[in-house]
Each structure stands twice: as C-alpha cells, then as structure tokens.
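Here's the structure we're looking at; comments come further down.
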Amino acid sequence: MHIVFIIDVSGSIANGMFEKSKQGIAEAFGGVNNTLANRGTIILSIIHFNGWYSIELNSQQVDTDSVEDSGDVWGTDHVVEFALGMVGAGGGTCIKSGLYAVSTLNNTNV
Numbered sequence: 004m005h006i007v008f009i010i011d012v013s014g015s016i017a018n019g020m021f022e023k024s025k026q027g028i029a030e031a032f033g034g035v036n037n038t039l040a041n042r043g044t045i046i047l048s049i050i051h052f053n054g055w056y057s058i059e060l061n062s063q064q065v066d067t068d069s070v071e072d073s074g075d076v077w078g079t080d081h082v083v084e085f086a087l088g089m090v091g092a093g094g095g096t097c098i099k100s101g102l103y104a105v106s107t108l109n110n111t112n113v
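Positions 4 to 113 (our numbering) are the ones given, in order, by the sequence shown.
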C-alpha cells in the first residue's frame, strides 16, 4: 500500500491549518487513534504544494507494526518526528501541481 499526503502549504493555510495537517499525520501513525498503525510495511510519500510542489518524502518504506527503525525502513516514531518537523512555505495555491507531483514519485503505485 502506498499512502500519499498532498498538503497545502500556501499562505492561506498558515493560520493554523498546516499545523493541524502535521498533527493529523502524527496522530495517524503514533497517536491515541493511530489509524495507520499495524498495517505491515507500507510506502509513504508527503507532497507540499503552493504555487508549485515539493516532494518532502518520496516513497519511504514504513513498518507500521514497529515504532523503531530497521535499516532503511522507518518505524512509526520516525514518521511522527518527520511530520511534526515539517515547515510551511506560503505563496499561492495550485492543487494541480500537488496532484502532478504524484506522477513523479519513485513508486507511483498509489
């Protein structure tokens, strides 16, 4: 399974919505509800878009059954740390660029 988060980081989202996006990803992998935990090994990508796109995480393997990393495979704690550390960019809003970016991922099986 390949999960792709396409996140708006434009200026209009800077009023707290970007922080909610980060918290949502962290919650999905390591929070109380952890809805994406215990699904085996998945592929995770995170794309930011504003006037253009930025691939923040490109086809990273994640073992959702483990909190710890194993070699190149991330555990859920690594995903939480990465998500909470993301930084917004401001600028315009072009969702088309975010959707286009999916076709450029290392693993496009989404």
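All C-beta atoms, glycine included, are put in the ideal place defined by N, C-alpha and C.
Could you round the C-beta distance between residue i and residue j to whole angstroms and report it? I think they count as a contact, below 8 angstroms.
| i | j | result |
| --- | --- | --- |
| Ala17 | Ala86 | In fact, because the Cβ distance is near 17 angstroms, the residues do not count as touching under 8 angstroms. |
| Gly94 | Asn53 | 4 angstroms |
| Gly78 | Glu84 | Not confirmed; about 10 angstroms, so no contact. |
| Val82 | Phe21 | Actually they do not touch by this definition, with Cβ atoms about 17 angstroms apart. |
| Ile6 | His51 | The Cβ separation is near 16 angstroms, so there is no contact. |
Can you give me the Cβ contacts of residue i inside the same chain, cut-off strictly under 6 angstroms, excluding the 5 residues immediately before and after it?
| i | result |
| --- | --- |
| Met4 | Ile45 |
| Ile49 | Phe8, Glu59, Leu60 |
| Asn109 | Asn61, Ser62 |
| Thr96 | Ser13 |
What does the Cβ neighbour count give for residue i, buried or exposed, with the cut at 16 atoms within 10 Å?
| i | result |
| --- | --- |
| Ser24 | buried |
| Val35 | exposed |
| Ile98 | exposed |
| Ser15 | exposed |
| Val65 | buried |
| Gly19 | exposed |
| Ser106 | exposed |
| Gly88 | exposed |
| Val90 | exposed |
| Ser115 | Residue 115 cannot be examined here, being either before or after the span of the chain that is shown, 4 to 113. |
| Gly74 | exposed |
Leaving out five residues on either side along the sequence, give the residues of the same chain with a beta carbon under 7 angstroms from the beta carbon of residue i.
| i | result |
| --- | --- |
| Asp68 | Asn41, Gly43 |
| Gly101 | Ile9, Ile50, Phe52, Tyr56 |
Suppose the cutoff is 8 angstroms on Cβ atoms and the five residues either side in sequence are ignored; what does the same chain contact list for residue i look like?
| i | result |
| --- | --- |
| Val76 | Thr44, Gln64, Val65, Asp66 |
Requested in this report: Return the chain-ordered ranges of every beta strand (DSSP E) run that is complete within the region 27-91 and spans a minimum of 3 residues.
Outcome: 44-52, 56-66
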